[in-house]
Amino acid sequence: MSRSEEEFRAFVISRAASLHRTAYLLCGDWHLADDLVQEALAKAFRHWKRVQRADSPDAYVRRILINESNRRWRARRDLVLRAEEAEPDGVTSDPADEVVDRAELLEALQSLPPRQRATIVLRYLDGLSERETAVVLECSEGTVKSQTSRALTRLNRFFTREELVR
Amino acid sequence: MMTHDEARLSEALHELVDAQPFEPDLRTIERRGRRVRRRATATRSVAGLGLAAVAAAALVVSGAISTNSGTRANPLTIPTTTALHGGPLVGLAADITAHQLHQPGNATLIISLGLTRVGTHLRYSEGDRGAELFTDAGTYYDASLDPPSDKSYTPRSDAYYDAHPVSLLRAEIAAHVTTSNAQFADEEAAAIKAAKGSLSAARRQMAEALRGVVTCGACVLSTKPGSFGLVPVDAWIWENSEQALEKGAGNPEVRAGVLRLMATLPDVTVTHTTTAGRSTLTLRVGRPEAGMSHYQSLVIDAHMGTPVKWSAGPGTDPPEATVTYHVRRVTVSAFAAGKS
């Protein structure tokens, strides 16, 4: 195995779980998240030298992941009768406990436009700053601020509850 | 600094995902990475067969499109509508097996050039260039180049396109920088199984060769048309067989097996063609009359079964993307020394 391949494998092992969590919140389905991460990492593998030369390889791969998610989201939007879509994987409505709120939050997240959803996931799951988020999304910090603000407004009902996703 | 509401949202998002384990499948990722070359070339014209097939099988409105294969009760079985006896692919496979058209040398060199159409004009941008060497002893060298940015394609001699990746390949051979070829082992094994006669088992093995994509168990048995009007299993067999033919071009047993497998696909049409003065067979999937707006075609040498050209597009010429292959047998030492 070449040194480059070894470095790629080390990168995958260190970053795959985090990318998987990001992918899930982007698409709302664990199986699709598996595939999204594999595809993003496959593309990173294909262009590994370019990834390594990037200022932030992690940001580069997250950008691939988000672009791939957006591409599939658009394809699915065009092809699918949304009413036929399955419920988000692994989250079922159960009036007896907190899972109801989780399902609602995930559904609300999926209802956001792709860029707002990506902004929320990068900022509040991955913990990126506005500047780092702007780098991943290839936009200005001002755009990140406005996208965040709009998304938070749409998700506002989850903050106003006494018990949030508990 | 997060506000109180932002902190609560962050906490909630973490709770949504924290319990889910994930182990990356490095082998599958690297296999898919090596496939990205051709798929990336065609991305703009054709959705990737992998997830697209899964998604289409799961999500396309039932009954919208009918195909020859739509009536099969079990898509894993060999369709009765295939030309397994007397068809040109089976005939060529038999010739390859009988004569073991094994050229001299101890390795197979494959040079590929991808082109992607720019906009609606008859202009192409240069895609990936690849030079791969598969030795008969099982060693694999891969020198692939990313597409140069914004570089338009203008016709040049083959020597121009060969130069850079071939030089890189020679440098890798000199430095013994090998690449794992294990990622194609499943496809090769399926093809060899098909060459020896176990077609049903070989179909299943070829369909499942890229396990990372086949994540939807129910789709394996789906008869709903997906990519190019093929049922998912047939689409996987088509794509993986293409891959096996490319990577196993130097192995007559693999070529014969791939041709036999492709002969089991009821929606693949085969025509006798001539490509640059060479006798070829053109295999094509995609049925515009059935509502499938995209197609793929694979041109193979009519005598050797080696790949000549792959293309994809909306159904009208010229194609959106092409990959041209130059396959030849070489002796490793002579090639490394620049003598062949």
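Chains as they are written, first to last, in numbering that gives the first Met the number 0: chain A, 0 to 165; chain B, 0 to 339.
Where is the CB? At the ideal position from N, CA and C, for every residue including glycine.
Just so you know, these numbers come straight off a predicted model, no measurement behind them.
Distance, Cα to Cα, residue i vs residue j?
| i | j | result |
| --- | --- | --- |
| residue 28(B) | residue 18(A) | 14 angstroms |
| residue 152(A) | residue 33(A) | 30 angstroms |
| residue 306(B) | residue 123(A) | 49 angstroms |
| residue 10(A) | residue 41(A) | 12 angstroms |
| residue 193(B) | residue 266(B) | 19 angstroms |
| residue 133(A) | residue 330(B) | 52 angstroms |
| residue 15(A) | residue 21(B) | 8 angstroms |
| residue 18(B) | residue 235(B) | 32 angstroms |
| residue 247(B) | residue 183(B) | 9 angstroms |
| residue 46(A) | residue 36(A) | 15 angstroms |
| residue 206(B) | residue 233(B) | 7 angstroms |
| residue 149(A) | residue 21(A) | 20 angstroms |
| residue 106(B) | residue 38(A) | 31 angstroms |
| residue 137(A) | residue 67(A) | 15 angstroms |
| residue 65(A) | residue 198(B) | 40 angstroms |
| residue 136(B) | residue 250(B) | 11 angstroms |
| residue 121(A) | residue 127(A) | 6 angstroms |
| residue 309(B) | residue 114(B) | 10 angstroms |
| residue 175(B) | residue 208(B) | 28 angstroms |
| residue 322(B) | residue 32(B) | 17 angstroms |
| residue 89(B) | residue 258(B) | 6 angstroms |
| residue 13(B) | residue 77(B) | 47 angstroms |
| residue 253(B) | residue 277(B) | 22 angstroms |
| residue 336(B) | residue 279(B) | 32 angstroms |
| residue 263(B) | residue 298(B) | 18 angstroms |
| residue 333(B) | residue 324(B) | 21 angstroms |
Residue i CB to nearest chain A CB: under 8 angstroms?
| i | result |
| --- | --- |
| residue 293(B) | no |
| residue 25(B) | yes |
| residue 169(B) | no |
| residue 102(B) | no |
| residue 32(B) | yes |
| residue 29(B) | yes |
Would a check of beta-carbon distances place residue i closer than 8 angstroms to chain B?
| i | result |
| --- | --- |
| residue 37(A) | yes |
| residue 15(A) | yes |
| residue 44(A) | yes |
| residue 41(A) | yes |
| residue 20(A) | yes |
| residue 25(A) | no |
| residue 148(A) | no |
| residue 157(A) | yes |
| residue 124(A) | yes |
| residue 11(A) | yes |
| residue 101(A) | yes |
If you run the structure through DSSP and keep just helix, strand and coil, what is residue i?
| i | result |
| --- | --- |
| residue 106(B) | strand |
| residue 13(B) | helix |
| residue 141(A) | helix |
| residue 115(A) | helix |
| residue 295(B) | strand |
| residue 84(A) | Note that residue 84(A) scores 44 on pLDDT, short of 50, meaning its location in the model is unreliable; the coordinates nonetheless yield the value given after this. Residue 84(A): coil per DSSP, three-state reduction. |
| residue 306(B) | strand |
| residue 10(A) | helix |
| residue 131(A) | helix |
| residue 120(A) | helix |
| residue 125(A) | coil |
| residue 276(B) | coil |
| residue 267(B) | coil |
| residue 90(B) | helix |
| residue 43(B) | Bear in mind that a pLDDT of 42 at residue 43(B), under 50, signals an unreliable position, so the model cannot answer this. |
| residue 142(B) | strand |
| residue 111(B) | strand |
Measuring alpha carbon to alpha carbon, tell me which of the options ends up nearest residue i.
| i | options | result |
| --- | --- | --- |
| residue 115(A) | 142(A), 37(A) and 13(A) | 142(A) |
| residue 271(B) | 302(B), 293(B) and 190(B) | 302(B) |
| residue 146(A) | 3(A), 37(A) and 111(A) | 111(A) |
| residue 157(A) | 323(B), 312(B), 8(B) and 310(B) | 8(B) |
| residue 125(A) | 57(A), 39(A) and 48(A) | 57(A) |
| residue 134(B) | 166(B), 172(B), 167(B) and 114(B) | 172(B) |
| residue 7(A) | 328(B), 15(B), 25(B) and 16(B) | 25(B) |
| residue 296(B) | 30(B), 238(B) and 97(B) | 238(B) |
| residue 108(A) | 196(B), 11(B), 86(B) and 169(B) | 11(B) |
Starting from the C-beta of residue i, find all residues in its chain whose C-beta is less than 7 angstroms away, skip the five residues before and the five after it, and write them out in chain order.
| i | result |
| --- | --- |
| residue 138(B) | 177 |
| residue 268(B) | 283 |
| residue 44(A) | 7 |
| residue 63(A) | 39, 42 and 43 |
| residue 144(A) | 129 |
So, at 6 angstroms on beta carbons, what are the nonlocal neighbours of residue i in its own chain, with the 5 sequence-adjacent residues on each side left out?
| i | result |
| --- | --- |
| residue 52(A) | none |
| residue 167(B) | 142 |
| residue 108(B) | 132, 327 and 329 |
| residue 242(B) | 186 |
| residue 245(B) | 306 |
Spatial neighbours of residue i within its chain, please: CB distance less than 8 angstroms, with the 5 preceding and 5 following residues excluded, ordered by chain position.
| i | result |
| --- | --- |
| residue 260(B) | 189, 190, 193, 198, 201, 202, 205, 236 and 240 |
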